[in-house]
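Below is one structure, written out as structure tokens; the observations come after it.
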Amino acid sequence: MLQLKNVKKNYQDFQLDCSLEVKAGTVTGLIGANGAGKSTTFKAILDLISIDGGEVTIFGKGHRQLTCRDKEDIGVVMADTGFSGFLTITGIVRILNNMYHDFNKKEFLERCSECKLPQDKQLKDFSTGMRARLNLIVALSHNARLLILDEPTAGLDVI
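If you're matching positions, the sequence shown starts at 234 in the working numbering and goes up one per residue.
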């Protein structure tokens, strides 16, 4: 499902050299100290940064050969959603409905309701925990085959 072979990324004060394989039906966690390269690895997988060497394969294809439809099969939680703070959940529904063939609007709204996320409040007025819950709900809302979650519980209360 996901394979990294000798993926390298060099920054002035940091070098990533990573190999790993995630098979379908498994859960894999990257654990390490701050600055160890976990987020850099996720960004390399998602082609958000250019890598300096190695290969990333997702669903049997090189990560740069993924089609838009292939990318719809990946659910992502990163530090920032990329959604404007002026959007509401109602606006996000319209965006997700146009982005994903398999977006499940009913389930998305039910999960938002269960998490007490108001539909008419702007995201900029959401608490950190509310934004974290929304990020998870978005990642799970379109039947993704692969989830890439970078600190998905950051900002969530223990309860």
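Yeah, the Cβ is synthetic: ideal placement off N, Cα and C, and Gly gets one too. The structure presented is a predicted model; accordingly, all values stated were derived computationally and were not measured.
Check: Distance check for Gly318 and Asp353, CA to CA, integer angstroms please.; Outcome: 12 Å
Check: Among the residues of its own chain, which have a CB less than 7 Å from the CB of Lys294, if the five just before and after it don't count?; Outcome: Asp303
Check: Have a look at Ser283, Leu281, Met234 and flag the residue whose alpha-carbon is nearest the alpha-carbon of Thr259.; Outcome: Met234
Check: Within 10 Å of its beta-carbon, does His296 have 16 or more other beta-carbons around it, so buried, or fewer, so exposed?; Outcome: buried
Check: What does the alpha-carbon distance come out to for the pair Lys256 and Lys238?; Outcome: 14 Å
Check: Pull up the CB-CB distance for Ile291 and Lys241, whole angstroms please, since I reckon it's below 8 Å.; Outcome: No, Ile291 and Lys241 are not in contact; Cβ-Cβ is about 18 Å, not under 8 Å.
Check: Please report how far the alpha carbon of Ala377 lies from the alpha carbon of Gly308, in whole angstroms.; Outcome: 5 Å
Check: Return the first residue and the last residue of the alpha helix (DSSP H) that Thr274 is part of.; Outcome: 271-278
Check: Suppose you measure from the CA of Leu382 to the CA of Met311; what does that come to, to the nearest Å?; Outcome: 6 Å
Check: So Asn337 and Ser374 are in contact, right, with Cβ under 8 Å, and what is the actual spacing, rounded?; Outcome: 6 Å
Check: So what does DSSP say about Val371, is it helix, strand or coil?; Outcome: helix
Check: State the beta-bridge partners of Asn243 as determined by DSSP.; Outcome: Gln248
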